[in-house]
Amino acid sequence: MISIKDLTLSFDSDRGRTIVLKEFHLDIADGEFIAVVGASGVGKSTLLRVIAGLVKPTSGTVTRDNPETPGRRPYALVFQDARLLPWRRVVKNVEFGLEGLGLDKQTRRRRALDALELVGLADKADRWPHQLSGGQRQRVAIARALAVDPDLLMMDEPFGALDAITRQGLQDELVDLWQRTGKTILFVTHDIDEAVYLADRVILLAGSPAGVRSTDRVATPRPRQRDDATARHTANAIRDRLSGTVVDGEGI
Amino acid sequence: MARPRALRLSLSLLGVVLFFAVWEALPRLGLVKSMLLPAPSGIPATFWQEVSSGAWGEAVLQSLRHYVSGLVLGSALGVALGVATGMSRTLEDMTNWIVRLLRPIPGLAWVPFAIIWFGVSPTAANFIIIVGVFWINYFSALSAVQAVDRDLIELANAFGHRSPLARLFKVILPASVQPIMAGLRTGLGQAWMAVVAAELFGVAGLGQRMMQASSLLATDIVVVYMITMALLYGVVDAGFVALRDRLLAWKA
Ligand SMILES: Nc1ncnc2c1ncn2[C@@H]1O[C@H](COP(=O)(O)OP(=O)(O)O)[C@@H](O)[C@H]1O
Ligand SMILES: [Mg+2]
Numbered sequence: 001m002i003s004i005k006d007l008t009l010s011f012d013s014d015r016g017r018t019i020v021l022k023e024f025h026l027d028i029a030d031g032e033f034i035a036v037v038g039a040s041g042v043g044k045s046t047l048l049r050v051i052a053g054l055v056k057p058t059s060g061t062v063t064r065d066n067p068e069t070p071g072r073r074p075y076a077l078v079f080q081d082a083r084l085l086p087w088r089r090v091v092k093n094v095e096f097g098l099e100g101l102g103l104d105k106q107t108r109r110r111r112a113l114d115a116l117e118l119v120g121l122a123d124k125a126d127r128w129p130h131q132l133s134g135g136q137r138q139r140v141a142i143a144r145a146l147a148v149d150p151d152l153l154m155m156d157e158p159f160g161a162l163d164a165i166t167r168q169g170l171q172d173e174l175v176d177l178w179q180r181t182g183k184t185i186l187f188v189t190h191d192i193d194e195a196v197y198l199a200d201r202v203i204l205l206a207g208s209p210a211g212v213r214s215t216d217r218v219a220t221p222r223p224r225q226r227d228d229a230t231a232r233h234t235a236n237a238i239r240d241r242l243s244g245t246v247v248d249g250e251g252i
Numbered sequence: 253m254a255r256p257r258a259l260r261l262s263l264s265l266l267g268v269v270l271f272f273a274v275w276e277a278l279p280r281l282g283l284v285k286s287m288l289l290p291a292p293s294g295i296p297a298t299f300w301q302e303v304s305s306g307a308w309g310e311a312v313l314q315s316l317r318h319y320v321s322g323l324v325l326g327s328a329l330g331v332a333l334g335v336a337t338g339m340s341r342t343l344e345d346m347t348n349w350i351v352r353l354l355r356p357i358p359g360l361a362w363v364p365f366a367i368i369w370f371g372v373s374p375t376a377a378n379f380i381i382i383v384g385v386f387w388i389n390y391f392s393a394l395s396a397v398q399a400v401d402r403d404l405i406e407l408a409n410a411f412g413h414r415s416p417l418a419r420l421f422k423v424i425l426p427a428s429v430q431p432i433m434a435g436l437r438t439g440l441g442q443a444w445m446a447v448v449a450a451e452l453f454g455v456a457g458l459g460q461r462m463m464q465a466s467s468l469l470a471t472d473i474v475v476v477y478m479i480t481m482a483l484l485y486g487v488v489d490a491g492f493v494a495l496r497d498r499l500l501a502w503k504a
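Sequence lines, in order, name chains A and B.
When the letters of the first sequence are read in order and numbered with the working numbering, they come out as residues 1 to 252.
When the letters of the second sequence are read in order and numbered with the working numbering, they come out as residues 253 to 504.
This is the structure we're talking about:
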């Protein structure tokens, strides 16, 4: 389990202090798929950065049950832009997070190829990033994150820049991947339908400073249909809360 | 519309032939005294004479020695300090004004000091080359490092490469190879000019041999050394381009 307790984060600048997150609280069970939705600029990316340790929280803690294990990294990130290193071939991009873990060359290569296999791109291992489509690049980014075998896989609007067809394909692939690997996923999106389609729980981040405005459990069994009525109802409820037309805590 | 390859090639050839024809015709027709402009047809014989007397080989070796040592030292110092300044705010703030003060001074303006400090010696030649090449590489490396995408630095952090050295080798250097190489290549040309300039002041090498010939009005020998300079620089530059293209294979 991963516990995020009373996370507060503020940025100091010349014009004073901006509090972005205030007392954010979330417990994530192992193997859970959680989506975080919220308006643009509310603090979703910042939240992921704090959890990943890229930004030090002003106060609050992020703790994991799992002990530090050699050859792994506790957190891995997938960004909206695939952010591949153009000077590395695909397989070397996937090895990026495995370097510096004390693994030998063959182990790194094998784990990178396994991860590429998972996202269906083993045959593209020797390509350069610029030779891939946008969707393929994003799958390489997912493979790079999976390769380090993280306790928590965090994704920041990973499909936001893709066309609708590619996006739907990757959503289904991600669910499939999640079921096969049993990974714990924290998925940030501003697309509420996407959140409800993918996740077990949907956290609505709102306010300024931002905190958990609501939590919705999506009980729809898998495999899910995109036009599921209950899911649509949940999505609409979140949308209403987001636009502020319904008072707090109505939920489902 | 693009011209056919064959046509372009024949036009280039025609240009070269015309150039030599006019050059040959001018002294032959008595339009210019052959002492002022030696006919190209006589050059190979002069060239052979210089080579067999050993003067040519010695001058080439001397020049190359100045060139290589000055170039390597100036480039290495320039790139290293440029990269370091680009990575450190402290260093940048510290060097800011010094750089602004020294930068506008052209490399050749250091000739008086070079001679005062080192006399007319190989060290003086080296000094002038180093100064010229240093600034070119310092600025290209500095701006290259400052232009590295912040997102890639964040990526390195997210995947555990957080030490300055890891950041340098995993992201910063590979991301700035191209502009740094461009700076190195400019330095290659600048250094060659500086070598010849230093030798014109009397340091032994191609330039000095050329000055000796010119004071004897042996213009055919002058031409031999002009051609030698052009050829040597051409070979060095072509070699560098080949190396660069190998390093930047991922761009293709
Ligand atoms: N490094 C920073 N310094 C100051 N303010 C920042 C910084 N990073 C993000 N912010 C601010 O924090 C808020 C949340 O940003 P972000 O987490 O990127 O939002 P989201 O991902 O939800 O769109 C924004 O108002 C943004 O301007
Ligand atoms: Mg964001």
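Cβ atoms here follow ideal geometry from the backbone N, Cα and C, with glycine treated the same way.
As the structure is a prediction and not an experimental result, all values here were calculated from the model.
- For the pair ARG222 of chain A and ASP172 of chain A, the Cα-to-Cα distance works out to about 11 Å.
- One alpha carbon belongs to ALA143 of chain A, the other to LEU170 of chain A, and they sit about 13 Å apart.
- Straight through space, the alpha carbons of GLN168 of chain A and GLY43 of chain A are spaced by roughly 25 Å.
- When C-beta atoms of the stretch 112 to 129 of chain A are compared with those of the stretch 45 to 61 of chain A, fewer than three pairs fall below 8 Å, so the two segments do not count as touching.
- Remark: the C-beta of SER10 of chain A is outside contact range of ligand 1, defined as less than 6 Å to any heavy atom.
- Setting aside the 5 residues that flank it on each side, TRP362 of chain B is surrounded in the same chain by ILE380 and VAL383, each with a C-beta closer than 6 Å to its C-beta; the list follows chain order.
- Rounded to whole angstroms, the gap between the alpha carbons of GLU302 of chain B and LEU329 of chain B is 37 Å.
- The contact set of ALA396 of chain B on chain A, defined by CB atoms closer than 8 Å, is empty, because the minimum CB distance reaches about 14 Å.
- Uninterrupted alpha helix (DSSP H) stretches at least 4 residues long and entirely within the stretch 333 to 407 of chain B occur at 341 to 354, 363 to 370 and 374 to 398, given in chain order.
- Measuring C-alpha to C-alpha distances from ARG419 of chain B to each of B:PRO431, B:ILE432 and B:ASP403 identifies B:ASP403 as the nearest.
- For HIS25 of chain A, there is no enclosing alpha helix (DSSP H); the enclosing beta strand (DSSP E) covers residues 16 to 28.
- In this structure, the beta-carbon distance from VAL20 of chain A to THR61 of chain A does not fall below 7 Å.
- Neighbours of GLY412 of chain B across chain A, judged by C-beta separation under 7 Å: ARG73, GLY97 and GLY100.
- When 9 Å is used as the limit between beta carbons, ALA418 of chain B is near these residues of chain A: GLU99 and GLY100, in chain order.
- Judged by their CB atoms, VAL91 of chain A and ALA147 of chain A are not nearer to each other than the 7 Å cut-off.
- Residue-level contact check: TRP87 of chain A touches chain B, since one or more beta carbons of chain B fall below 7 Å from its beta carbon.
- Neighbourhood of LEU407 of chain B in chain A, by CB distance below 7 Å: ARG83, in chain order.
- Within the stretch 48 to 70 of chain A, ALA52 and LEU54 place their CB atoms closer than 7 Å to a CB of chain B, listed in sequence order.
- When the beta-carbon positions are compared, VAL50 of chain A and ALA195 of chain A stay at least 7 Å from each other.
- Only those residues of the stretch 422 to 435 of chain B whose C-beta falls short of 9 Å from the nearest C-beta of chain A are listed: LYS422, VAL423, PRO426, ALA427 and VAL429.
- At a cut-off of 7 Å between beta-carbon atoms, ASP403 of chain B makes contact with chain A.
- Between ligand 2 and LYS5 of chain A, a heavy atom-to-CB distance of less than 6 Å is absent.
- If you draw a 10 Å sphere on the C-beta of GLN138 of chain A, you find 16 or more other C-beta atoms in it, and that means buried.
- Here the C-alpha atom of ALA141 of chain A lies approximately 19 Å from the C-alpha atom of GLY71 of chain A.
- Taking 4 residues as the shortest admissible run, the stretch 284 to 320 of chain B contains the following complete alpha helix (DSSP H) segments, listed from N- to C-terminal end: 295 to 305.
- By the Cβ criterion, the stretch 204 to 219 of chain A is in contact with the stretch 21 to 29 of chain A, since at least three pairs of Cβ atoms, one from each stretch, lie closer than 8 Å.
- Rounded to the nearest whole angstrom, the C-alpha separation of ILE185 of chain A and ALA76 of chain A is 10 Å.
- For LYS44 of chain A, the enclosing alpha helix (DSSP H) covers residues 44 to 52.
- For ALA376 of chain B, same chain residues with a beta-carbon under 7 Å away, outside a window of 5 residues either side, are ALA366, ILE367, PHE370, ALA450 and VAL455 in chain order.
- Below the 7 Å Cβ cutoff, chain B contributes no neighbours of TRP178 of chain A, its closest Cβ being approximately 20 Å away.
- With a threshold of 7 Å between beta carbons, LEU113 of chain A makes no contact with chain B.
- Per the DSSP secondary-structure output, GLY211 of chain A pairs in a beta bridge with A:ALA206.
- The criterion of a C-beta distance shorter than 7 Å is not satisfied by VAL175 of chain A and ALA199 of chain A.
- Only exposed fits GLN398 of chain B, as fewer than 16 other CB atoms lie within 10 angstroms of its CB.
- Identification of residues in the stretch 341 to 374 of chain B having a C-beta nearer than 7 Å to some C-beta of chain A yields an empty set.
- Contact of TRP502 of chain B with chain A by beta-carbon distance below 7 Å involves PRO86, TRP87 and TRP128.
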